[in-house]
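Number of protein chains: 2
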Amino acid sequence: MILRDDCAAMDENDELCSLRGEFCFNEREIYLDGNSLGPLCEASSRRVREVVSEEWAKGLVRSWNTAGWMLEPTRLGDKIAPLIGAEPGEVVVADTLTFLLAKLIGGTLALRPDRHVIITDEANFHSDLYIVEAMAQRAGRPMTVKTIERATLDEHLDDDVALVMLTHVDFRTGEMLDMKGITKKAHDSGALMLWDLAHSTGAVPIDVSGCDVDFAAGCTYKYLNAGPGSPGFAYIRRNWQGVIENPLPGWLGHARPFDFERTYEPAEGMQAFVTSSPSIIALASLDGALEVFAQASMSQIRRKSLALTDLFMALVEDRLPGVFEIVTPRAHDKRGSQVALRHDDGYGIIQALIERGVIGDFRDPDICRFGFTPLYLRFVDVYDAVERMVEVFNSAMHLDPRYRVRNPVT
Amino acid sequence: MILRDDCAAMDENDELCSLRGEFCFNEREIYLDGNSLGPLCEASSRRVREVVSEEWAKGLVRSWNTAGWMLEPTRLGDKIAPLIGAEPGEVVVADTLTFLLAKLIGGTLALRPDRHVIITDEANFHSDLYIVEAMAQRAGRPMTVKTIERATLDEHLDDDVALVMLTHVDFRTGEMLDMKGITKKAHDSGALMLWDLAHSTGAVPIDVSGCDVDFAAGCTYKYLNAGPGSPGFAYIRRNWQGVIENPLPGWLGHARPFDFERTYEPAEGMQAFVTSSPSIIALASLDGALEVFAQASMSQIRRKSLALTDLFMALVEDRLPGVFEIVTPRAHDKRGSQVALRHDDGYGIIQALIERGVIGDFRDPDICRFGFTPLYLRFVDVYDAVERMVEVFNSAMHLDPRYRVRNPVT
Numbered sequence: 014m015i016l017r018d019d020c021a022a023m024d025e026n027d028e029l030c031s032l033r034g035e036f037c038f039n040e041r042e043i044y045l046d047g048n049s050l051g052p053l054c055e056a057s058s059r060r061v062r063e064v065v066s067e068e069w070a071k072g073l074v075r076s077w078n079t080a081g082w083m084l085e086p087t088r089l090g091d092k093i094a095p096l097i098g099a100e101p102g103e104v105v106v107a108d109t110l111t112f113l114l115a116k117l118i119g120g121t122l123a124l125r126p127d128r129h130v131i132i133t134d135e136a137n138f139h140s141d142l143y144i145v146e147a148m149a150q151r152a153g154r155p156m157t158v159k160t161i162e163r164a165t166l167d168e169h170l171d172d173d174v175a176l177v178m179l180t181h182v183d184f185r186t187g188e189m190l191d192m193k194g195i196t197k198k199a200h201d202s203g204a205l206m207l208w209d210l211a212h213s214t215g216a217v218p219i220d221v222s223g224c225d226v227d228f229a230a231g232c233t234y235k236y237l238n239a240g241p242g243s244p245g246f247a248y249i250r251r252n253w254q255g256v257i258e259n260p261l262p263g264w265l266g267h268a269r270p271f272d273f274e275r276t277y278e279p280a281e282g283m284q285a286f287v288t289s290s291p292s293i294i295a296l297a298s299l300d301g302a303l304e305v306f307a308q309a310s311m312s313q314i315r316r317k318s319l320a321l322t323d324l325f326m327a328l329v330e331d332r333l334p335g336v337f338e339i340v341t342p343r344a345h346d347k348r349g350s351q352v353a354l355r356h357d358d359g360y361g362i363i364q365a366l367i368e369r370g371v372i373g374d375f376r377d378p379d380i381c382r383f384g385f386t387p388l389y390l391r392f393v394d395v396y397d398a399v400e401r402m403v404e405v406f407n408s409a410m411h412l413d414p415r416y417r418v419r420n421p422v423t
Numbered sequence: 014m015i016l017r018d019d020c021a022a023m024d025e026n027d028e029l030c031s032l033r034g035e036f037c038f039n040e041r042e043i044y045l046d047g048n049s050l051g052p053l054c055e056a057s058s059r060r061v062r063e064v065v066s067e068e069w070a071k072g073l074v075r076s077w078n079t080a081g082w083m084l085e086p087t088r089l090g091d092k093i094a095p096l097i098g099a100e101p102g103e104v105v106v107a108d109t110l111t112f113l114l115a116k117l118i119g120g121t122l123a124l125r126p127d128r129h130v131i132i133t134d135e136a137n138f139h140s141d142l143y144i145v146e147a148m149a150q151r152a153g154r155p156m157t158v159k160t161i162e163r164a165t166l167d168e169h170l171d172d173d174v175a176l177v178m179l180t181h182v183d184f185r186t187g188e189m190l191d192m193k194g195i196t197k198k199a200h201d202s203g204a205l206m207l208w209d210l211a212h213s214t215g216a217v218p219i220d221v222s223g224c225d226v227d228f229a230a231g232c233t234y235k236y237l238n239a240g241p242g243s244p245g246f247a248y249i250r251r252n253w254q255g256v257i258e259n260p261l262p263g264w265l266g267h268a269r270p271f272d273f274e275r276t277y278e279p280a281e282g283m284q285a286f287v288t289s290s291p292s293i294i295a296l297a298s299l300d301g302a303l304e305v306f307a308q309a310s311m312s313q314i315r316r317k318s319l320a321l322t323d324l325f326m327a328l329v330e331d332r333l334p335g336v337f338e339i340v341t342p343r344a345h346d347k348r349g350s351q352v353a354l355r356h357d358d359g360y361g362i363i364q365a366l367i368e369r370g371v372i373g374d375f376r377d378p379d380i381c382r383f384g385f386t387p388l389y390l391r392f393v394d395v396y397d398a399v400e401r402m403v404e405v406f407n408s409a410m411h412l413d414p415r416y417r418v419r420n421p422v423t
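Residue numbers (our numbering), protein chains in the order written: chain A, 14 to 423; chain B, 14 to 423.
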């Protein structure tokens, strides 16, 4: 039997505990939805103020040079690089995850001109499925998108596969895929590998270099805490830079943007994948959010993440035995930083918890998702969250007729 | 001879003079570059603070619903609609201008499947030229982009033209094209018409409905003052909605985004052209910036804009006779809200002016650009700007060897 005091003791020994102070919270709430939208940290708030009140208000148009705005996409890319095991110059921040996927998919298909198949996962996030289908239709040759059950990948890999595109951590179940093994299989068949890192960046250690990944993209509003709708990032392994072309080019990716040339000529390196001006205010928020990551290593974050999710699953089984199916794999190497619980009344459970100050989210048809972010969550938060879940069941609050109408959050 | 007192008298009679107080300026400077990056207004600053410190920090993920974030792209589109003569439900805010052009071009070409030519203007902004070429290559059939001298449009319009894509106000010269006449010509040949409104939205009255425009897109960081890299907007005339398809679809444009369906089915109306989450902080800044426009009509803005540019050109000819070629057309119906002056030493002139607190910009090879924004510029500012230009020439400051190395601003 795990006691609250045990959790408090874990907090006292937590090497990351001081980082919680960087974030803004309502102290009465427990936030278990950082996997959907990370919270505000003080550094983001400060950087946004600086950019708005100083760089924009006073520097005006000059700040594109004097405040370094022109270089923000690659500078911030270099700040993300160590979080995913990339080298400086291999990551750029721009656009949104979906547009970056569009660019990478379009660019990749041109690198395997004799192949006609893209493989992705039927459980992939739906935007990924829509955009891969759209880019396949515009590849300039017949392409088939095979949306497979990912366990059957081996059966589908052959010499007609141009690209394998998968999401590293499943957005519903929290299952983490074997990046190294799958990338090797794709390469063995002559295909290229594109990983969506939306649910893993900042949550689990990633080693795109060590796993020989060709291309990757991710978002910054989940575990990186950069704010609602903050920009995406793309990774292109060095050897592909200057080889893969940006199929949606714009002036900021031109080798000489201010020469106003009629013909596109890509800039060197990752700058070629910048299309047009990103929101500098949104980038300021990301800049601040990344400062917190400079104070913790991904291995420290991973260690605490696993301890938090282990604790949560143990408490759920202990306090609510047999109530939920724990969908997320128990094996450490097979999960990210969220736990998915299946229950027929999942929607009502999440709504009732939110009303009691425990913020998780619901994913159709029956998944309660709880994200555990080591930068700001305490072990006692996990304890208290499960206690409030017990109260919900004891009072049957989750069966309230109000919850029959769904009002989903992203 | 125009005196400073004459200008001061014009300011006293200016019905828009109170709006200057909404903006943040260094009072020693004269800002004539709102056509590149508009200045910060107090309402933007306030809305950004609210979104960051309240909606994000306290509402967290719930704000997608409770603060209406999900609806921001169409709500803000409806706020822009009256500025371009569109109806509610015909404009959406999302992405960047280049991506919106990509979507509209891709969607349009599918509406004219038997035609093989796109016409655009060799003087168009280079991002427009790059993206139209890129989308033509991915149209699924052979397409030719004809980049013409726009005066020769009539010669090129025939029954093989699918799309005419032009920018309403030329970014270099400030020339304004005849939206109604050109749109009619395009339609008479059976082509569709797409206007880039980057340099006209918020600067000149636009009547997309009255001109029978099919599609348009614009940016919000110039005359709309929404901040560096703020999002773009797209207009789709009602009759094309549900007909034109978004070629770069994403989950937020799905009819039922939270049902996580494997197949894309577009939402109704402009929502179908939203791909993924826009930066909510960037949208907050736009929201504030648009509040200023609620206090002035586009005809008031146009009247003052023409008076400002008339004054500027008159003063330049009076104080610096024969020094510049005035590139911008003098006829009121043929210009936007900027004045372009040609001079071989243009780069040095702009740099010297910036050092004297007059902010304009330079465009290769020899264009000095000055933007005149009626919301915050005074007639005495125009007078003082030209006086400082006279000082630059009198001291030959623009010939300083420092200005031989160019450090361009956007």
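Note that beta-carbon positions come from the ideal geometry of N, C-alpha and C, so glycine has one too.
Since we're looking at a predicted model, the values are computed, not measured.
Segment limits, beta strand (DSSP E) that includes A:Q150:
From DSSP, A:Q150 is part of no beta strand (DSSP E) but of the alpha helix (DSSP H) over H139 to Q150.
With distances taken between CB atoms, is the gap from B:Y248 to B:E103 smaller than 7 Å?
For the 7 Å CB-CB criterion, B:Y248 and B:E103 form a contact.
Return the residue from the list B:R275, B:W69, B:N259 and B:I15 that minimises the CA-CA distance to B:A285.
If you compare the alpha carbons of B:R275, B:W69, B:N259 and B:I15 with that of B:A285, the shortest gap goes to B:N259.
is_contact[A:N26, chain B] using C-beta, thresh 7 Å:
no
Would you grab the beta carbon distance between A:A56 and A:V305 for me? Rounded to a whole angstrom, and I think it's under 8 Å.
7 Å
Taking C-beta pairs closer than 9 Å, name the residues in chain C that B:N39 reaches, listed in chain order.
This model lacks chain C altogether; the protein chains it does include are A and B.
Out of B:I294, B:M311 and B:I314, state which residue places its alpha-carbon closest to the alpha-carbon of B:S58.
B:I294
Can you confirm whether B:P262, when its beta carbon is compared against all beta carbons of chain A, has any partner nearer than 7 Å?
With 7 Å as the cut-off, B:P262 counts as an interface residue toward chain A.
In chain A, what lies closer than 7 Å to B:L142 by C-beta?
R275
What does the Cβ neighbour count give for A:E68, buried or exposed, with the cut at 16 atoms within 10 Å?
buried
Taking the alpha carbon of B:L303 as the reference point, which residue from B:T121, B:L237, B:D172 and B:P334 has its own alpha carbon closest?
B:L237
Can you name the residues that DSSP bridges to B:T118?
Residue identity differs from the one stated: residue 118 of chain B is Ile in this sequence, not Thr. Note: B:I118 sits in no beta bridge, so no partner.
What three-state label does DSSP hand A:V422 in the structure shown?
Reliability of the predicted coordinates at A:V422 is poor, the pLDDT of 49 falling under 50, and no value is obtained from them.
Going by beta-carbon coordinates alone, are A:V182 and A:M206 separated by less than 7 Å?
no
Pop quiz: A:L321 and A:V226 are said to be a contact at Cβ under 8 Å. What is the actual Cβ separation, rounded to whole angstroms?
That pair is no contact at about 27 Å.
Would you give the residue range spanned by the alpha helix (DSSP H) that B:Q364 belongs to?
G359 to E368
Identity of the residues DSSP links to B:V106 by a beta bridge
B:F246, per the DSSP bridge assignment.
Cutoff 7 Å: B:G240 Cβ touching any chain A Cβ
Taking Cβ atoms only, chain A reaches closer than 7 Å to B:G240, which makes this a yes.
B:P414, DSSP secondary structure in three states:
helix
So what's A:R17 in DSSP terms, helix, strand or just coil?
A:R17: helix per DSSP, three-state reduction.
Verify the CB distance criterion: does B:R125 have a CB-CB separation below 7 Å to chain A?
no
Could you pull the start and end residues of the beta strand (DSSP E) that A:L96 belongs to?
A:L96 -> not in any beta strand (DSSP E); alpha helix (DSSP H) instead, spanning E85 to I97.
B:E281 versus B:G255, B:V336, B:L296 and B:L114, residue with shortest Cα-Cα distance:
B:G255
Coil, strand or helix - A:V405 by DSSP
helix
Starting from B:G231, trace the alpha helix (DSSP H) in both directions and tell me its first and last residue.
That residue, B:G231, is in no alpha helix (DSSP H); its beta strand (DSSP E) goes F228 to C232.
Of all Cβ atoms in chain B, is any one closer than 7 Å to the Cβ of A:H356?
no
Residues of the stretch 143 to 154 of chain B whose Cβ lies closer than 9 Å to any Cβ of chain A, in chain order:
The stretch 143 to 154 of chain B vs chain A, Cβ under 9 Å: Y143, I144, E146, A147, M148, Q150, R151, A152 and G153.
Less than 7 Å separating the beta-carbons of A:R355 and A:D379?
yes
Exposure label - A:V418; buried when at least 16 CB within 10 Å:
exposed
Bridge partners - B:Q351, DSSP secondary structure assignment:
B:G384
Short CB-CB distance (under 7 Å) between A:T318 and chain B:
Rather than Thr, the amino acid found at residue 318 of chain A in this sequence is Ser. False, the Cβ-Cβ gap to chain B never drops below 7 Å.
Would you say A:H139 faces chain B, with C-beta separation under 7 Å as the test?
yes
Find the residues of chain B that neighbour A:V65, judging by a C-beta separation of less than 9 Å, and give them in chain order.
L53, S57, S58, V61, R62, G240 and S298
Please classify A:A344 as buried or exposed, where buried requires at least 16 other C-beta atoms within 10 Å of its C-beta.
Classification of A:A344: exposed, given that the 10 Å Cβ count is below 16.
Inter-residue CB distance, A:C13 and A:E35 (contact presumed, cutoff 8 Å)
Residue 13 of chain A falls outside the range modelled here, since chain A spans only 14 to 423, and no answer is possible.
Under 8 Å, with one C-beta from each stretch per pair, do the stretch 214 to 225 of chain B and the stretch 344 to 353 of chain B reach the 3-pair mark?
yes
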